[in-house]
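Undergrad:
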Amino acid sequence: DAGVTQSPTHLIKTRGQQVTLRCSPISGHKSVSWYQQVLGQGPQFIFQYYEKEERGRGNFPDRFSARQFPNYSSELNVNALLLGDSALYLCASSLGAGEGGYGYTFGSGTRLTVV
Amino acid sequence: RKEVEQDPGPFNVPEGATVAFNCTYSNSASQSFFWYRQDCRKEPKLLMSVYSSGNEDGRFTAQLNRASQYISLLIRDSKLSDSATYLCVVNPGSARQLTFGSGTQLTVLP
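Listed in order, the protein sequences are those of chains A and B.
Note that the first sequence covers residues 732 to 846 in the numbering used here.
Note that the second sequence covers residues 8 to 117 in the numbering used here.
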C-alpha cells in the first residue's frame, strides 16, 4: 500500500512568488494535516482538514491557505513567499480527525527553498 | 517560554551506553504524549506513546510525570542505528494538532 505521498520533493522559488504543495493521504484516511519544519526546529502545525473541512489552524499568516478535495488529497498554498518560508513541509495522514499522534503517518515532505 | 522544551544536545555516546532524554511541557491540560524519531532529512516517525504508568518497548522506556509536566525517554544498550533526532511531542488538550519540541540529537559512536 502506498503511504502518504507528497509532491514535489524539492522546490526552489523566488521571494514574492506563490507555491502549491500537494499531499495524497493513505488510502482510506480522511484527515490531512500540514506542518512546517524549519532547520533545527521541530515541526509546527499549520492546518488540519477532515472530510474537506478545516478543523484546525496554527499560528501562520493568511499567506498560508489549504484545501482538501473529495478524494481526500490536499493542497497547501503559500503566497508572497518570504525567505523565512524556506522549510520542510510535512503532510500527516490519519484515518479520522485523530487524537494527537494516534495513527498519524507523515509523508517524506517537500523541501522548499526561497531565494 | 516554549510549549515543549528539550535539551537540543548533541548527545554523543558509545555503542552499548544508556542515554536519557528529558522534555518539559507548559500546558497542564495536555492529554497525549509521544516520542517521535527523525532521521536526517527524513520525516518524523512515531517511536512510542508515553503513559503515566510508564511504558517499555524493547530497549526503549518512556515515562510521564504529569505533576511535574515532564516526559522522559531512556534508551538502553544503544545501537549505531539509534543515531537520530528524538522529538518530544504533546497533544495540547482538545486540539488535534501535535506540538513538537525542537528535538534532541543523538549520535551513537562505534
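Beta carbons: idealized from backbone N, C-alpha and C, even for Gly.
Run through DSSP, which three-state label would Asp816 of chain A get?
TA: Here residue 816 of chain A corresponds to residue number 85 of the first sequence, with the count starting at 1. Helix, per DSSP.
Undergrad: Which residues in chain A sit within 7 Å of Glu50 of chain B, going by Cβ to Cβ distance?
TA: Taking the first residue of the second sequence as position 1, residue 50 of chain B is located at position 43. Under the 7 Å cutoff, chain A gives Leu821, Phe837, Gly838, Ser839 and Gly840.
Undergrad: In chain B, which residues lie less than 7 Å from Gly773 of chain A when you measure between Cβ atoms?
TA: Counted from its first residue, the first sequence places residue 773 of chain A at position 42. Here the neighbours are Leu94, Phe107, Gly108, Ser109 and Gly110.
Undergrad: Which of the three DSSP states is assigned to Leu105 of chain B in this structure?
TA: Along the second sequence, one-based indexing puts residue 105 of chain B at 98. Looking at Leu105 of chain B - three-state DSSP - the assignment turns out to be coil, as it is neither helix nor strand.
Undergrad: Cβ closer than 9 Å: which chain B residues qualify as neighbours of Gln799 of chain A?
TA: The residue you call residue 799 of chain A lines up with position 68 of the first sequence. By Cβ distance, chain B contributes nothing, its closest Cβ being about 14 Å from Gln799 of chain A, past 9 Å.
Undergrad: Assuming Asn29 of chain B and Tyr93 of chain B are in contact, meaning their beta carbons sit under 8 Å apart, how far apart are those beta carbons, in whole angstroms?
TA: As a position in the second sequence, residue 29 of chain B is number 22, starting the count at 1. As a position in the second sequence, residue 93 of chain B is number 86, starting the count at 1. Contact doesn't hold; Cβ gap of about 11 Å is too wide.
Undergrad: Check Ser39 of chain B in the structure and name its three-state DSSP category.
TA: Position 32 of the second sequence, counted from the start, is the residue given in the question as residue 39 of chain B. If DSSP states are grouped into helix, strand and coil, Ser39 of chain B belongs with the strands.
Undergrad: Just to confirm the assignment, what range does the beta strand (DSSP E) spanning Lys744 of chain A have?
TA: Locating residue 744 of chain A in the first sequence gives position 13, where the first residue counts as 1. His741 to Lys744 is the span of the beta strand (DSSP E), which, as asked, contains Lys744 of chain A.
Undergrad: Using CA atoms only, rank isn't needed, just tell me which of A:Leu821, A:Asn808, A:Val845 and A:Thr836 is closest to Phe776 of chain A.
TA: By one-based count along the first sequence, residue 776 of chain A stands at place 45. If we check each option's Cα against that of Phe776 of chain A, A:Leu821 comes out closest.
Undergrad: Using C-beta distances below 8 Å, list every residue in its chain close to Thr114 of chain B, excluding the 5 sequence neighbours before and after it, in chain order.
TA: What you label residue 114 of chain B is simply residue 107 of the second sequence in a count that begins at 1. Closer than 8 Å at the Cβ level, and outside the excluded window around Thr114 of chain B, lie Pro17, Phe18, Asn19, Val20 and Ser90.
Undergrad: Using the C-alpha atoms, what's the distance from Ile82 of chain B back to Arg798 of chain A?
TA: For the purposes of this step, residue 798 of chain A is taken as residue 67 along the first sequence, with counting starting at 1. For the purposes of this step, residue 82 of chain B is taken as residue 75 along the second sequence, with counting starting at 1. Going from the Cα of Arg798 of chain A to the Cα of Ile82 of chain B covers about 40 Å.
Undergrad: Is any beta-carbon of chain A found at less than 9 Å from that of Gln6 of chain B?
TA: Outside the modelled stretch of chain B, which goes from 8 to 117, sits residue 6 of chain B, for which no answer is possible.
Undergrad: Please classify Glu838 of chain A as buried or exposed, where buried requires at least 16 neighbouring CB atoms within 10 angstroms.
TA: Reading the first sequence from its first residue, position 107 is the one you call residue 838 of chain A. Position check: residue 838 of chain A holds Gly in this sequence, whereas Glu was assumed. Buried is the call here.
Undergrad: Check the Cβ of Gln104 of chain B against every Cβ in chain A and list those closer than 7 Å, keeping chain order.
TA: What you label residue 104 of chain B is simply residue 97 of the second sequence in a count that begins at 1. The contacting residues are Ser764, Phe776, Gln779, Gly787 and Gly789.
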